[in-house]
Amino acid sequence: MKTMGFIEALESVVVKNYANFSGRARRSEYWYFALANFIFGAVTGLMSVEIPEVMYLVWIVGVALLIPSLAVCVRRLHDIGKSGWWYLIGLVPYIGAIVLIVFFVKDSQPGENKWGANPKE
Numbered sequence: 002m003k004t005m006g007f008i009e010a011l012e013s014v015v016v017k018n019y020a021n022f023s024g025r026a027r028r029s030e031y032w033y034f035a036l037a038n039f040i041f042g043a044v045t046g047l048m049s050v051e052i053p054e055v056m057y058l059v060w061i062v063g064v065a066l067l068i069p070s071l072a073v074c075v076r077r078l079h080d081i082g083k084s085g086w087w088y089l090i091g092l093v094p095y096i097g098a099i100v101l102i103v104f105f106v107k108d109s110q111p112g113e114n115k116w117g118a119n120p121k122e
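Using my numbering, the letters of the sequence shown map in sequence onto residues 2 to 122.
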């Protein structure tokens with residue numbers, strides 16, 4: 002079983018599955034996408050101190066990545082056997098975020114579930 006690389010994960014989320022809310026997403030796919038978002042935010046945040054116009058780029062990219070961000074979260078929840086509606090638990094202050102992090106670090110549900118075959122197999 003080959004793990005998904007950084008570029009492969011970004012391509013999967015942004016190009017192949019831009020608005021795909023069905024199916025399953027591996028942990029590596031979700032976390033590499035989250036890492037890319039964090040790095041982009043940190044770099045542009047630092048740049049915006051000197052160049053305030055960079056914030057326009059942040060807003061444009063943020064809007065463009067809103068749908069794939071939601072989609073990869075829902076597919077990640079499907080991978081552990083949870084409905085995508087569990088993402089709404091994030092609206093509960095503090096506890097919701099903790100529950101989602103626990104869900105996102107869990108290993109895939111073995112075999113096939115109602116959202117499809119295990120992407121690791």
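No residue lacks a Cβ here, since even glycine has one placed at the ideal position from N, Cα and C. As the structure is a prediction and not an experimental result, all values here were calculated from the model.
Nearest-angstrom Cα separation, counted from residue j out to residue i
i: F105; j: G85; result: 12 Å
i: I126; j: P111; result: What is shown of the chain runs 2 to 122, which leaves residue 126 out entirely.
i: A98; j: E12; result: 26 Å
i: L47; j: I40; result: 11 Å
i: A65; j: I102; result: 23 Å
i: H79; j: V15; result: 18 Å
i: L71; j: W60; result: 16 Å
i: N21; j: P69; result: 8 Å
i: G82; j: L36; result: 24 Å
i: L67; j: Y31; result: 14 Å
i: L58; j: W87; result: 31 Å
i: W116; j: V44; result: 36 Å
i: K107; j: K17; result: 24 Å
i: E113; j: R25; result: 10 Å
i: Y19; j: I96; result: 28 Å
C-beta contact flag for residue i and residue j at 7 Å
i: F34; j: V62; result: no
i: S29; j: M56; result: no
i: I90; j: V100; result: yes
Which of helix, strand or coil DSSP assigns to residue i
i: N18; result: coil
i: N38; result: helix
i: G117; result: strand
i: D108; result: coil
i: D30; result: Correcting the residue identity first, residue 30 is Glu in this sequence and not Asp. E30: helix per DSSP, three-state reduction.
i: P94; result: coil
i: E122; result: coil
i: P53; result: coil
i: G82; result: coil
Own chain, CB closer than 7 Å to residue i, minus 5 neighbours either side, in chain order
i: R27; result: M5, D80, S109, P120, K121
Environment of residue i [buried if 16+ CB atoms lie within 10 Å]
i: V50; result: exposed
i: A10; result: buried
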